[in-house]
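Numbering (my numbering), first residue to last: 220 to 663.
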């Protein structure tokens with residue numbers, strides 16, 4: 220406790236760090252306040268059907284990422300997810316399209332162009348998503364819930380929803396530039412954490428009302444949750460260090476190279492992307508069955524919609540493992556790594572430069588991705604086991620899946636940035652020994 224108070228004092232002494240943390244908290248406050256502002260013309264008192272619809276499933280996940288704004292018909296209802304979708308599309312285009320590959324190699328100017336294209340694509344996605352959200356709103360809510368009707372309501376609401384999501388994106392970028400941590404990631408994390416107090420209260424109430432040993436079970440649940448968080452930290456932080464030796468170079472009177480460095484290959488290089496892809500794919504057969512309206516296929520839809528069922532979890536686990544290999548293959552490029560090492564006069568001891576290095580790195584990545592993908596698959600289906608233990612569904616989501624990995628990754632990344640500021644000014648770090656390691660890239 221004494222060390223914690225001392226760390227807070229050190230943070231307060233550094234004016235730049237103090238200002239950055241204050242700026243971050245201010246922008247987060249604006250985001251949370253905006254989440255409670257309903258669309259003009261919608262009665263907030265008549266949103267019960269919408270809240271019931273977003274209590275579980277994919278819509279429940281979207282509502283969690285938006286911090287409850289989706290179920291409250293807020294001006295920030297679509298949240299930051301359209302921007303995340305656009306970023307994923309641009310990232311995938313960077314692998315397949317030569318134009319985007321060139322932009323990625325152009326440094327700062329290329330990064331600015333990619334960011335601009337991502338923003339334009341976000342607007343296009345929002346123009347399609349906003350009418351779909353409004354259509355669902357009109358279907359779920361009674362007619363008396365709308366003060367405005369017809370084209371006037373639709374056009375004005377599309378503009379407001381689009382502007383709201385772009386404003387949230389702008390807040391995220393300002394947090395990244397002026398605050399601490401990755402702004403987009405922090406906004407998603409705050410949306411997830413906003414649901415935690417209510418979920419804990421609901422779980423506590425259900426356990427207290429339970430006959431015999433309810434409070435003990437509540438404490439056991441928190442111990443298990445703590446262990447799951449520790450395991451997730453191991454997954455996020457786990458790396459295999461590959462030694463790289465650089466040849467000595469003498470330029471003028473100075474000597475360069477001649478030192479051994481390491482390439483940190485992450486056990487889970489794909490992050491949360493395999494889970495997001497798997498959940499999106501899981502919705503495809505359900506949607507097809509819904510459109511086809513076939514009684515023969517209704518059993519398939521029921522099996523893939525049952526979160527605690529065997530087939531739902533088996534298919535999702537398999538998809539997560541497959542997508543982990545797929546996403547790692549397209550994001551980690553052993554050929555590029557080998558070429559960069561060769562250009563800089565580096566080599567892996569005992570391995571020939573060129574093709575042999577590529578094969579060595581590829582083999583290592585394949586070996587460490589297997590346990591990483593299996594562990595990621597287990598974390599994905601942990602909420603189902605939590606529900607089978609009798610844990611409330613909203614609280615069970617914190618036992619695994621995308622929300623858990625985002626929470627762990629963003630917290631570690633933010634703490635690592637704070638620690639860097641402290642160490643740069645010759646203060647002690649946040650931990651008594653060792654250093655906090657953030658995620659590679661620092662973003663979702």
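C-beta: ideal position from N, C-alpha, C; glycine also. As the structure is a prediction and not an experimental result, all values here were calculated from the model.
Between the CA atoms of residue j and residue i - distance to the nearest angstrom
i           : j           : result
residue 233 : residue 223 : 16 Å
residue 452 : residue 295 : 31 Å
residue 525 : residue 606 : 12 Å
residue 375 : residue 254 : 18 Å
residue 231 : residue 238 : 9 Å
residue 449 : residue 627 : 9 Å
residue 437 : residue 246 : 34 Å
residue 364 : residue 290 : 14 Å
residue 589 : residue 227 : 41 Å
residue 597 : residue 536 : 7 Å
residue 261 : residue 292 : 8 Å
residue 268 : residue 332 : 42 Å
residue 572 : residue 586 : 21 Å
residue 623 : residue 467 : 45 Å
residue 552 : residue 350 : 39 Å
residue 576 : residue 641 : 38 Å
residue 661 : residue 369 : Only weak support is given to the placement of residue 661: the predicted model assigns it a pLDDT of 43, under 50, and the value that follows is read from those uncertain coordinates. About 44 Å.
residue 408 : residue 249 : 15 Å
residue 394 : residue 258 : 25 Å
residue 323 : residue 559 : 15 Å
Of the listed residues the options, nearest to residue i (C-alpha basis)
i           : options               : result
residue 457 : 491, 486 and 330      : 486
residue 280 : 300, 608 and 268      : 300
residue 429 : 609, 538 and 239      : 609
residue 382 : 298, 627, 282 and 482 : 298
residue 236 : 260, 434, 396 and 493 : 396
residue 629 : 415, 619 and 404      : 404
residue 547 : 644, 580, 640 and 339 : 580
residue 305 : 560, 420, 336 and 283 : 336
residue 413 : 639, 634, 243 and 252 : 252
residue 500 : 324, 617 and 538      : 538
residue 308 : 384, 324, 244 and 341 : 341
residue 478 : 463, 602, 439 and 620 : 463
residue 563 : 465, 343, 534 and 483 : 465
residue 484 : 320, 352, 459 and 497 : 459
residue 343 : 355, 604 and 377      : 377
residue 256 : 354, 345, 288 and 329 : 288
residue 373 : 347, 439 and 385      : 347
Where residue i falls: helix, strand or coil (DSSP)
i           : result
residue 482 : strand
residue 295 : coil
residue 361 : coil
residue 659 : Interpretation of residue 659 is limited by its pLDDT of 47, a score under 50 that renders its predicted location unreliable; the figure taken from the coordinates is listed afterwards. Correct three-state label for residue 659: coil.
residue 368 : coil
residue 316 : coil
residue 221 : helix
residue 491 : coil
residue 332 : helix
residue 467 : coil
residue 473 : strand
residue 231 : helix
Integer-rounded CB distance, given that residue j should sit under 8 Å from residue i
i           : j           : result
residue 360 : residue 265 : 6 Å
residue 636 : residue 400 : 6 Å
residue 422 : residue 611 : 5 Å
residue 489 : residue 550 : 7 Å
residue 600 : residue 532 : 4 Å
residue 540 : residue 593 : 6 Å
residue 371 : residue 302 : At roughly 28 Å, the Cβ-Cβ gap does not stay under 8 Å, so residue 371 and residue 302 are not in contact.
residue 543 : residue 620 : So it is not a contact: roughly 14 Å between Cβ atoms.
residue 595 : residue 454 : 7 Å
residue 411 : residue 284 : 7 Å
residue 567 : residue 406 : Wrong, their Cβ atoms sit about 40 Å apart, outside the cutoff.
residue 625 : residue 491 : 6 Å
Could I get the ranges of all uninterrupted alpha helix (DSSP H) runs contained in the stretch 547-611, with 4 residues as the minimum, in chain order? For the stretch 547-611, whole alpha helix (DSSP H) runs of length 4 or above, ordered along the chain, are 553-562 and 574-607.
Quick check on the DSSP output: what are the complete alpha helix (DSSP H) runs of length 4 or more inside the stretch 415-460, in order along the chain? Taken in chain order, the unbroken stretches of alpha helix (DSSP H) that lie wholly in the stretch 415-460 and span 4 residues or more are 415-427 and 433-456.
Where in the stretch 254-293 do unbroken runs of the alpha helix (DSSP H), each at least 4 residues long, occur, reported from the N-terminal end onward? Correct list: 267-272 and 276-284.
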